[in-house]
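Numbering (the working numbering), first residue to last: 39 to 639. Think of the CB as a built atom: it goes at the ideal place given N, C-alpha and C, for glycine as much as any other residue. Note that the structure is a prediction, hence the values are computed from the model and not measured.
1) Ordered along the chain, which non-local residues of its own chain (more than five positions away) have a Cβ less than 6 Å from that of residue 557?
2) Decide if residue 204 is buried, meaning its Cβ has at least 16 other Cβ atoms within 10 Å, or exposed.
3) For residue 496 and residue 391, what's the separation of their Cα atoms in angstroms?
4) Is residue 402 helix, strand or coil when you go by DSSP?
5) Does the count of Cβ pairs from the region 369-376 and the region 420-429 closer than 8 Å reach three?
6) Whose CA, out of 101, 140 and 88, lies closest to the CA of residue 111?
7) For residue 76, count neighbouring C-beta atoms within 10 Å of its own C-beta (all shown protein chains included) and say buried if the count is 16 or more, exposed if not.
8) Starting from the C-beta of residue 468, find all residues in its chain whose C-beta is less than 6 Å away, skip the five residues before and the five after it, and write them out in chain order.
9) Excluding five sequence neighbours on each side, which residues of the same chain lie with their C-beta closer than 7 Å to the C-beta of residue 89?
10) Could you check the C-alpha separation between residue 523 and residue 624 for me, to the nearest Å?
11) Assuming residue 191 is part of the beta strand (DSSP E), what are its boundary residues?
12) Determine the closest residue to residue 307 out of 72, 237 and 355, with distance taken between C-alpha atoms.
13) Decide if residue 507 is buried, meaning its Cβ has at least 16 other Cβ atoms within 10 Å, or exposed.
14) I think residue 592 touches residue 548, with their Cβ atoms under 8 Å apart; what is that distance to the nearest whole Å?
15) Residue ranges of each beta strand (DSSP E) run of no fewer than 3 residues wholly in the region 249-293, ordered along the chain?
16) Given residue 621, which residues of its chain have a CB within under 8 Å of its CB, disregarding the five upstream and five downstream residues?
17) Roughly how many angstroms separate the alpha carbons of residue 459 and residue 484, rounded to a whole number?
18) Are three or more beta carbon pairs between the region 278-298 and the region 249-258 nearer than 8 Å?
19) Can you give the beta carbon distance from residue 238 to residue 146, rounded, assuming they're within the 8 Å contact cut?
20) To the nearest angstrom, how far is the alpha carbon of residue 518 from that of residue 477?
21) Would you list the one or two residues that DSSP bridges to residue 601?
22) Measuring alpha carbon to alpha carbon, tell me which of 313, 433, 43 and 604 ends up nearest residue 383.
23) If you run the structure through DSSP and keep just helix, strand and coil, what is residue 551?
24) Whole angstroms are fine: how far does the CA of residue 344 sit from the CA of residue 115?
25) Tell me which same chain residues have a C-beta within less than 7 Å of the C-beta of residue 350, skipping the five on either side of it?
26) Return the Cβ separation of residue 165 and residue 82 in integer angstroms, given the expectation that the two are a contact with Cβ distance under 8 Å.
27) At which residues does the alpha helix (DSSP H) containing residue 86 begin and terminate?
28) If we require 4 or more residues per run, which alpha helix (DSSP H) segments fall completely within the region 408-477?
29) Pull up the CB-CB distance for residue 396 and residue 627, whole angstroms please, since I reckon it's below 8 Å.
30) Name the DSSP beta bridge partners of residue 581, please?
31) Near residue 276, which residues of its chain fall below 7 Å by C-beta distance, leaving aside the five closest residues on each side in sequence?
32) Once the 5 residues before and after residue 575 are set aside, which same chain residues still bring their CB inside 8 Å of it?
33) With a CB to CB cut of under 6 Å and the five nearest residues on each side skipped, what residues in its chain are close to residue 56?
34) Which two residues bound the contiguous beta strand (DSSP E) that contains residue 324?
35) Here's the rule: buried if 16 or more other CB atoms are within 10 angstroms of the residue's CB, otherwise exposed. What is residue 347?
36) Assign residue 65 to one of three DSSP states: helix, strand, or coil.
So this is what it looks like as structure tokens:
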């Protein structure tokens with residue numbers, strides 16, 4: 039009988055059947071095997087007991103003993119959990135351990151109760167009880183049966199605790215204890231769509247986390263995250279609050295009051311009080327975006343994300359709720375930022391290389407590194423298709439970091455193979471200069487790759503270099519040039535530059551924009567402009583590269599005007615590192631010992 043019981047219950051445990059159903063089946067099988075007894079199993083959380091299975095006891099009784107605090111006078115089960123030992127009560131009516139509970143059980147016809155602790159190691163995790171309808175204790179055969187049952191309960195409860203702990207780790211944020219992004223996504227995908235209740239989302243972004251990290255250290259930043267988590271969960275409820283990662287939290291609002299603005303105002307007010315974070319006084323601040331779920335649909339968090347993005351751009355420190363038509367351009371930028379962010383996480387951002395050649399010999403002297411994104415379907419798209427994302431400072435910095443690391447690795451590989459590489463151009467954005475550590479990043483990344491800085495050309499557009507109306511970028515470029523890096527003014531002629539800037543800005547190369555090359559036809563003023571630029575640049579000692587060359591007549595005319603270098607689809611589109619190395623091995627310019635061949639940069 040015991041063997042059959044064990045096999046049946048162990049099979050249910052192995053199949054992952056619900057704990058309550060498994061233990062209920064255990065109780066029913068035991069009751070069928072031992073006529074005249076009623077079985078129950080309670081779990082124990084260290085202080086209180088909770089009904090797990092009591093299929094033959096009235097629900098009212100099970101509810102009455104649920105959440106019972108263990109103690110020496112808390113009935114048979116409460117005392118067994120308290121002492122960690124079996125408790126046999128032969129007469130419930132007269133036993134002092136039942137004095138506060140006998141009125142519940144005597145009307146049911148029970149006169150005696152035997153309870154045994156369920157233990158995991160030395161820890162009590164529950165109780166297993168037999169109720170008798172006459173005054174008696176356990177028989178020998180019952181002791182053997184209960185011993186087996188207690189062991190089965192230990193296995194089942196232990197397994198349930200491990201499953202719950204794995205689930206807790208999977209769906210909980212380690213720092214704050216709140217539910218994490220995985221749980222948030224699960225609710226959006228599974229539970230909320232099945233609910234017929236209206237609901238909405240608030241996304242909360244900490245405004246000053248980076249400043250706190252940079253000023254006081256990451257310990258203070260971590261403390262700030264915890265403060266914000268505590269205050270949001272206290273306002274919105276812990277079960278409704280999620281930490282999505284970094285400085286971002288989410289709140290799901292699904293109660294009768296769907297006034298997101300009021301809820302957001304309450305959160306902002308709760309956050310506004312100063313707090314001590316790792317010994318430093320910090321004033322928490324946040325920006326919030328929100329959106330209501332559309333009727334009978336399951337929107338993702340996009341609308342709330344767009345609202346948050348809009349708030350960070352125009353109403354930092356306040357709340358913005360999404361509404362139809364909220365900034366089409368902003369929405370487009372947000373989607374680009376989101377797509378590029380996911381691509382960075384999935385390692386789908388990489389460097390491709392477009393050759394720069396001598397126009398007379400068609401020898402390759404170097405490359406321009408261009409950012410490419412591979413879509414989930416495998417399509418490779420150019421940066422022009424996700425340019426909006428670079429207006430986000432964080433994304434721009436991440437893209438540059440990825441490109442610098444990849445380019446440094448590729449240059450190191452090519453130099454190790456003995457390829458006569460002269461230079462690779464890398465595009466930089468205004469955000470790269472304003473990050474404050476560009477020089478250190480460049481020196482560290484290329485230094486670790488053992489790539490001399492003479493092989494690097496920094497390409498900066500006129501709008502970045504000359505459109506900021508301050509000296510931050512110009513001063514940074516001067517510092518970089520002093521380290522041996524060269525600077526190219528990209529897309530020359532399309533931005534803020536005039537010829538007088540060539541007298542004052544520290545650049546080594548100008549790259550004439552494709553729009554001028556396209557106009558190089560007889561009688562067009564574009565030809566005269568290009569000719570003038572080439573002549574002035576040569577006299578100033580500035581190299582010239584013509585961009586966007588697509589036809590042989592363009593290449594020939596540029597050569598006649600004195601332009602020695604060019605790039606464009608006539609020669610090659612941007613290619614991956616493997617193809618770049620192959621064509622460079624075949625067509626790379628081999629310099630003489632004194633490195634004086636015309637066209638070398």
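Per the coordinate set shown:
1) Only residues of its own chain outside the window of five on either side were considered, and among them 564 have a CB closer than 6 Å to the CB of residue 557, listed in chain order.
2) Residue 204 is exposed by the Cβ-count criterion.
3) So the two alpha carbons sit approximately 15 Å from each other.
4) Secondary structure of residue 402 (DSSP, three-state): strand.
5) When Cβ pairs closer than 8 Å are counted between the two stretches, the region 369-376 is seen to touch the region 420-429, the count reaching three or more.
6) With distances taken between Cα atoms, residue 111 lies closest to 140.
7) By the neighbour-count criterion, in which a residue is buried when 16 or more other Cβ atoms sit within 10 angstroms of its Cβ, residue 76 is buried.
8) Hits under 6 Å: 502.
9) Its chain contains 80, 100, 103 and 104 as the residues whose beta carbon lies nearer than 7 Å to that of residue 89, once the 5 sequence neighbours on both sides are disregarded; these appear in chain order.
10) Their backbone Cα atoms lie some 27 Å apart in a straight line.
11) Not the beta strand (DSSP E): residue 191 falls in the alpha helix (DSSP H), residues 178-209.
12) Checking every option, the nearest Cα to that of residue 307 belongs to 355.
13) Caution applies to residue 507, whose pLDDT of 48 falls short of 50 and renders its modelled position unreliable; the value that the coordinates give is listed next. Label assigned to residue 507: exposed.
14) Incorrect: roughly 18 Å between the Cβ atoms, too far for contact.
15) Counting whole runs of 3 or more residues, the region 249-293 contains the beta strand (DSSP E) stretches 279-283 and 286-291.
16) Non-local beta-carbon contacts of residue 621 in its own chain, meaning distances under 8 Å to residues more than five positions away in sequence, involve 393, 402, 610 and 613 in chain order.
17) Whole-angstrom Cα-Cα distance: 15 Å.
18) They do not touch, by the three-pair rule.
19) With a Cβ gap of about 48 Å, residue 238 and residue 146 do not count as contacting.
20) Taking the straight line joining both Cα atoms gives about 6 Å.
21) By DSSP's assignment, residue 601 forms no beta bridge with any residue.
22) For the options 313, 433, 43 and 604, the alpha carbon positioned closest to that of residue 383 is the one of 433.
23) Per DSSP, reduced to three states, the secondary structure at residue 551 is coil, with no helix or strand assignment.
24) The straight-line gap from Cα to Cα measures roughly 56 Å.
25) Closer than 7 Å at the Cβ level, and outside the excluded window around residue 350, lie 243 and 325.
26) About 7 Å separates the two Cβ atoms, so the contact holds.
27) Not the alpha helix (DSSP H): residue 86 falls in the beta strand (DSSP E), residues 86-91.
28) Correct list: 431-454 and 468-472.
29) With a beta-carbon spacing of about 7 Å, residue 396 and residue 627 fall inside the 8 Å limit used to define contacts.
30) Residue 581 is bridged to 547.
31) Contacts found: 216.
32) Correct list, in chain order: 540, 548, 581 and 582.
33) No residues qualify anywhere along the chain.
34) Counting along the chain, the beta strand (DSSP E) containing residue 324 begins and ends at 324-330.
35) Residue 347 should be labelled buried.
36) Residue 65: helix per DSSP, three-state reduction.
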